[in-house]
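S.K.: I am attaching a structure below and will ask some questions about it afterwards.
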Amino acid sequence: MSESQRTLIFVGVALVSGVLAWFAGPSAPKPNTEIVGVGELFYPDFKDADAAKSMEVVNYNPDTASVRPFAIVQDKSGLWRIPYAHNYPADGKERLAKTATAMIGIKKETYAGSRESEHADFGVLDPKSDSAADLKGIGNRITLKDGDGKVLADYIIGKEVKGRTGMHYIRRPDDKKTYIAKLDIPVSTKFADWIEADLLKIDAPRLNSITINTDTVDLNQGALIEGETNQLTRKSSTDNWSLPGIDDTKEELNQDEIRKLVSSLDELKIVGVRRKPAALIKGQLDQITQLDLQTKGFYPQPTRKPGGVRLVPKDGNVVAVTDQGVAYELKFGEIFSGTDEEVEVGFAAKEEGKDDKKDKEEKKEEPKSSQKSRYLMVTVYFDADGLGPKPTEPKKPEEAAEVVPGEDDPADAAAPTNTAPDPKAVHAAALAKYEDDKKKYESDLKAFQAKIKDGEKLVKELNARFAEWYYVVSGNSFENLRQGRKTLVKDKTAQANPAEGASQFPGLPPGLKLPGLQN
Numbered sequence: 000m001s002e003s004q005r006t007l008i009f010v011g012v013a014l015v016s017g018v019l020a021w022f023a024g025p026s027a028p029k030p031n032t033e034i035v036g037v038g039e040l041f042y043p044d045f046k047d048a049d050a051a052k053s054m055e056v057v058n059y060n061p062d063t064a065s066v067r068p069f070a071i072v073q074d075k076s077g078l079w080r081i082p083y084a085h086n087y088p089a090d091g092k093e094r095l096a097k098t099a100t101a102m103i104g105i106k107k108e109t110y111a112g113s114r115e116s117e118h119a120d121f122g123v124l125d126p127k128s129d130s131a132a133d134l135k136g137i138g139n140r141i142t143l144k145d146g147d148g149k150v151l152a153d154y155i156i157g158k159e160v161k162g163r164t165g166m167h168y169i170r171r172p173d174d175k176k177t178y179i180a181k182l183d184i185p186v187s188t189k190f191a192d193w194i195e196a197d198l199l200k201i202d203a204p205r206l207n208s209i210t211i212n213t214d215t216v217d218l219n220q221g222a223l224i225e226g227e228t229n230q231l232t233r234k235s236s237t238d239n240w241s242l243p244g245i246d247d248t249k250e251e252l253n254q255d256e257i258r259k260l261v262s263s264l265d266e267l268k269i270v271g272v273r274r275k276p277a278a279l280i281k282g283q284l285d286q287i288t289q290l291d292l293q294t295k296g297f298y299p300q301p302t303r304k305p306g307g308v309r310l311v312p313k314d315g316n317v318v319a320v321t322d323q324g325v326a327y328e329l330k331f332g333e334i335f336s337g338t339d340e341e342v343e344v345g346f347a348a349k350e351e352g353k354d355d356k357k358d359k360e361e362k363k364e365e366p367k368s369s370q371k372s373r374y375l376m377v378t379v380y381f382d383a384d385g386l387g388p389k390p391t392e393p394k395k396p397e398e399a400a401e402v403v404p405g406e407d408d409p410a411d412a413a414a415p416t417n418t419a420p421d422p423k424a425v426h427a428a429a430l431a432k433y434e435d436d437k438k439k440y441e442s443d444l445k446a447f448q449a450k451i452k453d454g455e456k457l458v459k460e461l462n463a464r465f466a467e468w469y470y471v472v473s474g475n476s477f478e479n480l481r482q483g484r485k486t487l488v489k490d491k492t493a494q495a496n497p498a499e500g501a502s503q504f505p506g507l508p509p510g511l512k513l514p515g516l517q518n
């Protein structure tokens, strides 16, 4: 065999080997030049979780073929906000720190592949890329930046590797190479997970008055339909709630429903927000603001006071008063249905009964993710009655009248002839008690005035917090709060006297006579 023939054979073998390697796919052995970085960190310079001042998460939902962005950023004042949700304040420092910590030290455990054609199989297509809009295999992208906008870490996280729990395909957006890494990143794109969970900041034991009004605005009639007004009260957290008008011989409060009501106030969660118009935040009411209020289910109505306006909510209100003198008024507006995204931030949300004819004709069964929610406005004012009675100043005792012996008195009238108390001694004792009572009064009054000051300060802080926002609550929260007498009161006689013919022995048919028992 000539030298030229031998050379051609070697070239042919090399070409065949190359073709076979190309078609072998991701599982084929990789040349050493491709297995670069295995065992190394994706971002070796990212070591300080506190350096993260913003996070962006872009999730792809394969069921809806849609990409959903979410971000949390720290503004110049140091406050965390959610740009996606109208820049609503976030309680995200601790949660972001946990996410950032989990993203530090992610290592390239195993090499998976370097060809772009493999990205869809690994689920690491970039969700922010236009070319990936209608394709399967799109991953979730998480980006952390510092205060200057410098990228600290940026990952596209793909599918979990079959048979390897906790191991995912992952790559950097600026690198075509895909690796396998162990991941446990506690990240959420749910609005409710990033905000202050306690909306009202009510401490349930402090509640001493809850007034529920069930008036309803009928838009068809253009009139306010009068409902009920029920006021639950108690003197302290150790006392039972009371409700006027209960016939104690036949009725009693439904403690289960009252507990549900109090718990709903104490733990009220919002599921979405909308920013109020700038004019409304400033206390102004122009035409655009009135229209915005009406679309949310709040109707401006003039009062007898010149220039005065009050907002009439579509479905009543609840006023809860605490022993701090803080009165929370919750106004219930329009009901609407929507997906999670529509509920949270209002994109494409439609109010109930406001679909046009075409939408109704084309409307099919609502998506399973659709949920009914309710607009809510919260205002706070100071109510001194919530503090309890104001301390009463004690009355100083009058001077005792001096007793002068009469002419008919015996010679020793000056000497005590009986056990009657000495008026001067009685007055001295009363005066001493008065001084003690006065000191206590002054102390109690000082404490009462301090409560007023603290209550007014809290009202101011809460109103500043609520001023900019319409809130959205779930339908269940609305039902638990807006209760009427029908649920708050139950009939004693219905429990004491079972219906005639009904069996008093569970599991046995009515009217059945048991041996040894008189029916």
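Numbering (numbering that gives the first Met the number 0), first residue to last: 0 to 518. Built from N, CA and C at the ideal position, the CB exists for glycine as well. This structure is a prediction, so every number in the text was calculated from the model and none was measured.
Where Asn-86 and Pro-126 are concerned, what is the direct C-alpha to C-alpha distance, given to the nearest angstrom?
M.R.: Near 23 Å, if we compare the C-alpha coordinates of Pro-126 and Asn-86.
S.K.: Report the option in Asn-207, His-167, Ala-89 and Ala-70 whose CA atom is closest to the CA atom of Lys-144.
M.R.: For the residues Asn-207, His-167, Ala-89 and Ala-70, the minimum Cα distance to Lys-144 belongs to Ala-70.
S.K.: Ile-155 and Gly-136 - do their beta-carbons sit closer together than 7 Å?
M.R.: Contact flag unset, no.
S.K.: Relative to the C-alpha of Val-344, which candidate in Asp-384, Pro-185, Val-272 and Gln-370 has its C-alpha closest?
M.R.: The candidate whose alpha carbon is nearest that of Val-344 is Val-272.
S.K.: For the beta strand (DSSP E) containing Phe-477, name the first residue and the last one.
M.R.: Taken as a continuous stretch (DSSP letters only), Phe-477 belongs to no beta strand (DSSP E), being part of the alpha helix (DSSP H) at 474–480.
S.K.: Pull up the distance between the alpha-carbon of Ala-50 and that of Gly-146, whole angstroms please.
M.R.: Going by the C-alpha atoms only, they are around 7 Å apart.
S.K.: Tell me which same chain residues have a C-beta within less than 7 Å of the C-beta of Ile-440, skipping the five on either side of it?
M.R.: Note that residue 440 is Tyr in the sequence shown here, rather than Ile. The residues are Pro-390, Glu-392 and Pro-393.
S.K.: Take the Cβ of Leu-218 as the centre, count every other Cβ of all protein chains shown within 10 Å, and call the residue buried at 16 or more, exposed below.
M.R.: Exposed is the call here.
S.K.: Checking the sheet assignment: what are the DSSP bridge partners for Asp-153?
M.R.: DSSP output for Asp-153 lists Thr-142 as bridge partner(s).
S.K.: Measure from the alpha carbon of Phe-45 to the alpha carbon of each residue in Gly-104, Pro-82 and Tyr-59, then state which is nearest.
M.R.: Per the Cα distances, Gly-104.
S.K.: Within the continuous alpha helix (DSSP H) that includes Ile-334, where are the two ends?
M.R.: Run containing Ile-334: none in the alpha helix (DSSP H); it sits in the beta strand (DSSP E), 325–337.
S.K.: Please state whether the Cβ-Cβ distance between Glu-256 and Thr-486 is less than 7 Å.
M.R.: Yes, these two residues count as a Cβ contact at 7 Å.
S.K.: Between Asp-453 and Leu-242, what straight-line distance do the alpha-carbon atoms span, to the nearest angstrom?
M.R.: Answer to the nearest angstrom: the Cα atoms are 29 Å apart.
S.K.: Tell me the DSSP bridge mates of Arg-309?
M.R.: For Arg-309, which the question treats as bridged, DSSP gives the partners Gln-300.
S.K.: Based on the DSSP secondary-structure assignment, which residues constitute the bridge partners of Pro-88?
M.R.: According to DSSP, Pro-88 bridges with Arg-80.
S.K.: Taking C-alpha atoms, which residue in Val-216, Ser-116, Arg-163 and Leu-375 lies nearest to Lys-268?
M.R.: Looking at the Cα atoms, Leu-375 is the closest of the given residues.
S.K.: Given that a residue counts as buried once 16 or more other Cβ atoms are within 10 Å of its Cβ, and exposed if not, what is Asp-322?
M.R.: So Asp-322 ends up on the buried side.
S.K.: Check whether the stretch 229–244 and the stretch 198–217 are in contact - that is, three or more C-beta pairs closer than 8 Å.
M.R.: With a cut-off of 8 Å, the stretch 198–217 and the stretch 229–244 count as touching, because enough Cβ pairs lie within range.
S.K.: Is the CB-CB distance between Ala-278 and Thr-288 below 7 Å?
M.R.: Against a cut-off of 7 Å, the Cβ pair of Thr-288 and Ala-278 comes out as a contact.
S.K.: If Ser-372 and Val-342 are in contact, beta carbons under 8 Å, what's the gap, nearest whole angstrom?
M.R.: Yes, Ser-372 and Val-342 are in contact; Cβ-Cβ is about 5 Å, under 8 Å.
S.K.: Out of curiosity, what's the CA-to-CA distance linking Arg-309 and Pro-204?
M.R.: Rounded to whole angstroms, Arg-309 to Pro-204 spans 31 Å at the Cα level.
S.K.: Lys-357: buried (16+ other C-beta within 10 angstroms of its C-beta) or exposed?
M.R.: Because the pLDDT at Lys-357 is just 42, under 50, the model does not fix this residue reliably, and the value given afterwards should be weighed accordingly. That one is exposed.
S.K.: In whole angstroms, what separates the C-alpha of Lys-442 from that of Asp-382?
M.R.: Here the sequence assigns Ser to residue 442, which means Lys is not the residue at that position. In a straight line, the C-alpha of Ser-442 is about 22 Å away from that of Asp-382.
S.K.: Taking the Cβ atom as the reference point for each residue, do Gly-337 and Phe-297 lie within a distance shorter than 7 Å?
M.R.: No, the pair does not count as a contact, with Cβ atoms beyond the cut-off.
S.K.: Under a three-way DSSP split, which group does Phe-69 fall into?
M.R.: It is a strand residue.
S.K.: Is the number of C-beta pairs between the stretch 180–192 and the stretch 237–252 that are closer than 8 Å three or more?
M.R.: No contact exists between the stretch 180–192 and the stretch 237–252.
S.K.: Quick check: what's the CA-CA separation for Ala-319 versus Ile-451?
M.R.: Answer to the nearest angstrom: the Cα atoms are 17 Å apart.
S.K.: Got a sec? Which residues, its chain only, sit under 6 Å from Leu-461 by beta carbon, not counting five neighbours each side?
M.R.: Closer than 6 Å at Cβ, skipping near neighbours: Val-379.
S.K.: Is Val-344 helix, strand or coil by DSSP?
M.R.: In the structure shown, Val-344 sits in a helix (DSSP, three-state: H, G or I).
S.K.: In this structure, does DSSP put Ile-184 in helix, strand or coil?
M.R.: Ile-184 falls in the coil class under three-state DSSP.
S.K.: From the DSSP secondary-structure annotation, give me the bridge partner or partners of Ser-128.
M.R.: None, per the DSSP bridge assignment.
S.K.: How is Glu-93 classed by DSSP in three states: helix, strand or coil?
M.R.: Looking at Glu-93 - three-state DSSP - the assignment turns out to be helix.
S.K.: Mark Lys-313 as exposed unless 16 or more other C-beta atoms lie within 10 angstroms of its C-beta, in which case mark it buried.
M.R.: The residue is buried, with at least 16 neighbouring Cβ atoms inside 10 Å.
S.K.: For Trp-193, name the three-state secondary structure that DSSP assigns.
M.R.: Three-state result, Trp-193: helix.
S.K.: What does the alpha-carbon distance come out to for the pair Lys-176 and Met-166?
M.R.: If you take the alpha carbons of Lys-176 and Met-166, they lie about 16 Å apart.
S.K.: Between Leu-329, Lys-92 and Met-102, which has its C-alpha nearest Ile-194's C-alpha?
M.R.: Of Leu-329, Lys-92 and Met-102, the residue nearest in Cα terms is Lys-92.
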